[in-house]
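Numbering (the numbering used here), first residue to last: 503 to 1377. Where is the CB? At the ideal position from N, CA and C, for every residue including glycine. Every value quoted in this text rests on a predicted model; they were computed, and no experiment measured them.
Right, here's the structure in full:
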């Protein structure tokens, strides 16, 4: 290893020159997914990553070839598209070749030149198109003919024969409600709660599966089991989903498309030849639970040997919406198994399980007992002092029949043999489970296991430090985030399961520093566009059955339409979501401008669940008006819409001026009444005049110190306060707040045994008391920013250039943040050794960084770094 020592200002830098390794092109993705099938986008985005350990490694050119023949691609030939050589560092490119056809697999690879202009080719990857339009469906929408109040879930089956050798087979299934798909007795895929929840009367999703290996020569059978999901909400709660305009009995459409080795194609569609019946699932609700009578199970119902003579015919149904499109999202899965960490037998009918972790998901029970015994499996987050399950913090909005449809409770009727039961069409939020039977049963600690269910998004971030509390806080934030990611971000996995917009954008940076969630957010932004009124208004829960278009669904919440696509652009360098949402953002901003009073607005919910101090809603809502308008202006500039840019850029400055004229005391540097939120929100969103930033930040730091380095904020302040401090000269103060462990603080929750983030700072509060909420989730992002100093650069987004602004906290011995960006893993690590800090940074290949190091002498300390690994000694 060779090292060059450089003296820079008052710190030492050491460049680590790594030995040469072969250049590799890896992580080939189509539409941000690995080898997806069923794509509907006619111009899919293709991306890759360069691995090159040399100092200064950079991609000098790229070339993409696409062809239907993998051998052609391997040989560098692309008849569908040969992009030609492009001299750029781009790692994300939209397909620009011949028109793609449906039901076709396309192979592709990329050839890149490195810093020495030597070419390297990637492995061959592929993507496969799907329907690419509703006109290609052959199947009809079918149902069982029952009405919305009928309880049992419908089962469907269809037998068919294959007489020739199968080359490939794809199943395309769309459902209004939820489904499980079976072929020859085996479940297809490992998805849960599919398809994802949408505004069903405006958009429906279908999923494509490769089922080649599940077909057999000769007799075959397809089975489909439907659940209600959000489509037929039979349980009653305050959000009126039981009165949703789309509500109907679940239905589905399926095409099984078989390609034989002789080149012929046969499609087995849904039609009137299918058969239907009821079975063991006697009731299912996405909100409350699932009821299963094991005595009614029809074993082998999806196999060709099954006798369906007692089953009946199906009924045609109209298409729920005119937009049936591919679900190209990381799916929901049962991702992790949790065994019980403790178990207690209350009596011969009652057992209590503790899984040690609050989570979203389901439980699976193995139990034997007398035939007809009713077993109730009740899930919750808390226990009463006597050790029994306590649902009082999460069942407050349930309005149904607590005996026939109990909240967060599955009901199992035993068959008299050994039974296994796990719900298919429900999930819950829980740590504890109480099992109660009406007759004696015998259970042990292994009789019940828990599955952590969530959108299975890859992890991309990690932290290490000398503070155990930082690890606990990140663990809690990440488990809250995943518990609330079900194809859309939710507020909580138990009481509501609603896509609250505010919660979604408060946690967006925590989401992207820690997980690769772009596909989920692209889907949710489409939900936004589905829900937006013609005048630009959005509801504050999305999707919604109609609830949420009230008086408070304003800027501090529904700014998701601008903030989330902007953050996708920053973290991924992908402008498509921003482009897709451009007109929606514009309509939204135009609406707020129409209803604003001299560029100020009170439209919003305000600083929800504060500790004690109230904050001025006109101030905070107007700041978000500025944020949205500023994003719109930046998007207009990006897309070459000059007139829009000039208009909205000027409007943003007028909003800023109006906010400062009304709320800022320029002599004192105080906004409004000077609460933590009122000072931090203008700082976070850069609305403070440049010459007064220091004064306002000093006031905020003083306010926080007066409060003993404790929080006195609600959701808006929690998003802003740590950033407002650390980015304006008070990183030490921010750190003291972040790791405070007495009330009120994030750490106070950890001290009291929380494994997820809570909804209320006050553990004794009587409302807003979910124990698994993400609205205070900014803490999961701040450590990457405030300590690791890792920021995307808006000028070169997607971490093509990294802004590095680490803070070396005296009370913390060592800290390391890692984030796998589209360009590769960024590492920012520091450790105190005596009076010096040893700082190490890794800049991935093809990326650069702008490093700003702390300096006591007030000298400008900005260093431009090429790709590579660097070590600094900061005195």
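Around the Cβ of residue 1042, are there at least 16 other Cβ atoms within 10 angstroms (buried) or fewer (exposed)?
Buried, by the Cβ-count rule.
Is residue 895 closer than 8 Å to residue 962 when the C-beta atoms are compared?
Contact: no.
What residue range does the beta strand (DSSP E) around residue 660 cover?
First-last of the beta strand (DSSP E) with residue 660: 656-664.
Nearest-angstrom Cα distance between residue 1371 and residue 1331?
Roughly 11 Å between the two C-alpha positions.
Roughly how many whole angstroms lie between the Cα atoms of residue 611 and residue 1075?
C-alpha separation (whole angstroms): 21 Å.
Does the region 1193-1207 come close enough to the region 1225-1238 that 3 or more CB-CB pairs lie under 8 Å?
Because the criterion of three Cβ pairs below 8 Å is met, the region 1225-1238 and the region 1193-1207 touch.
Using DSSP with H/G/I as helix, E/B as strand and the rest coil, what is residue 1238?
Reduced to three states, the DSSP call for residue 1238 is helix.
Any contact of the region 579-590 with the region 530-549, i.e. 3+ C-beta pairs under 8 Å?
Judged by Cβ distances under 8 Å, the region 579-590 makes no contact with the region 530-549, as fewer than three pairs qualify.
Would you check if the distance between the CB atom of residue 728 and the CB atom of residue 752 is smaller than 8 Å?
Yes, they are a contact pair.
Where residue 996 and residue 551 are concerned, what is the direct C-alpha to C-alpha distance, given to the nearest angstrom?
Roughly 39 Å between the two C-alpha positions.
Taking only three categories from DSSP, how would you classify residue 771?
Of the three classes helix, strand and coil, the one that applies to residue 771 here is strand, per DSSP.
So what does DSSP say about residue 1252, is it helix, strand or coil?
If DSSP states are grouped into helix, strand and coil, residue 1252 belongs with the helices.
Near residue 693, what residues of its chain come up, given a Cβ to Cβ distance below 6 Å and the 5 sequence neighbours on each side ignored?
Excluding residues within five positions, the ones whose Cβ falls inside 6 Å are 833.
Near residue 1010, what residues of its chain come up, given a Cβ to Cβ distance below 7 Å and the 5 sequence neighbours on each side ignored?
Within the same chain, residue 1010 has close Cβ partners 1065, 1066 and 1069.
I need the DSSP call for residue 707, collapsed to helix, strand or coil.
Residue state, collapsed to three classes: strand.
Within a Cβ cutoff of 6 Å, which residues of the same chain sit near residue 503, ignoring the five residues on either side of it in sequence?
Its pLDDT being 30, under 50, residue 503 is placed unreliably by the model, and nothing is read from it.
Which residue from 827, 1071 and 817 puts its Cα closest to that of residue 1014?
If we check each option's Cα against that of residue 1014, 1071 comes out closest.
Would you mind working out which of 983, 802 and 735 sits nearest residue 907, comparing C-alpha positions?
With distances taken between Cα atoms, residue 907 lies closest to 735.
Does DSSP classify residue 573 as helix, strand or coil?
Residue 573: helix per DSSP, three-state reduction.
Does the Cβ of residue 643 have 16 or more other Cβ atoms within 10 Å, making it buried, or fewer, making it exposed?
The residue is buried, with at least 16 neighbouring Cβ atoms inside 10 Å.
Out of 964, 1248, 536 and 581, which one is the CA nearest neighbour of residue 625?
Residue 625 has its Cα closest to that of 536, out of 964, 1248, 536 and 581.
Bridge partners for residue 868 per DSSP, in chain order?
Residue 868 pairs with 922.
How far does the alpha helix (DSSP H) with residue 608 in it extend, from its first residue to its last?
Taken as a continuous stretch (DSSP letters only), residue 608 belongs to no alpha helix (DSSP H), being part of the beta strand (DSSP E) at 607-615.
If we ignore side chains and look at the alpha-carbon of each, how far apart do residue 1276 and residue 1258 end up?
C-alpha separation (whole angstroms): 9 Å.
Would residue 1001 pass as a contact of residue 992 if the rule is Cβ separation under 8 Å?
Cβ atoms of residue 1001 and residue 992: closer than 8 Å.
For the pair the region 1207-1222 and the region 1172-1180, tell me if three or more CB-CB distances fall below 8 Å.
As far as the Cβ criterion goes, the region 1207-1222 touches the region 1172-1180, which means the pair count is three or higher.
Please classify residue 510 as buried or exposed, where buried requires at least 16 other C-beta atoms within 10 Å of its C-beta.
With a pLDDT of 39 at residue 510, under the threshold of 50, the predicted position of this residue should be treated as unreliable, though the coordinate-derived value follows. When all chains shown are included, residue 510 counts as exposed.
For the beta strand (DSSP E) that contains residue 1334, what are its first and last residues?
Residue 1334 -> beta strand (DSSP E) spans 1326-1335.
Please classify residue 1048: does DSSP put it in a helix, a strand, or coil?
Residue 1048 falls in the strand class under three-state DSSP.
How about the region 1284-1301 and the region 940-954: do they share at least three Cβ pairs that are nearer than 8 Å?
Contact between the region 1284-1301 and the region 940-954 is absent, because fewer than three Cβ pairs lie under 8 Å.
Since residue 618 sits in a beta bridge, which residues does DSSP pair it with?
The partner list for residue 618 (beta bridge, DSSP) is empty, contrary to what the question assumes.
Is residue 1007 closer than 8 Å to residue 985 when the C-beta atoms are compared?
No; because the gap between Cβ atoms is not below 8 Å, this pair is not in contact.
Once DSSP output is grouped into helix, strand and coil, what is the label at residue 1287?
Residue 1287 falls in the helix class under three-state DSSP.
Let me know if residue 533 comes out buried or exposed under the rule of 16 or more other beta-carbons within 10 Å of its beta-carbon.
Looking at its Cβ environment, which holds 16 or more other Cβ atoms inside 10 Å, residue 533 is buried.
In the DSSP assignment, find the beta strand (DSSP E) that holds residue 1026 and state where it starts and stops.
Not the beta strand (DSSP E): residue 1026 falls in the alpha helix (DSSP H), residues 1020-1033.
Does the beta-carbon distance from residue 1150 to residue 1138 come in below 8 Å?
Yes.
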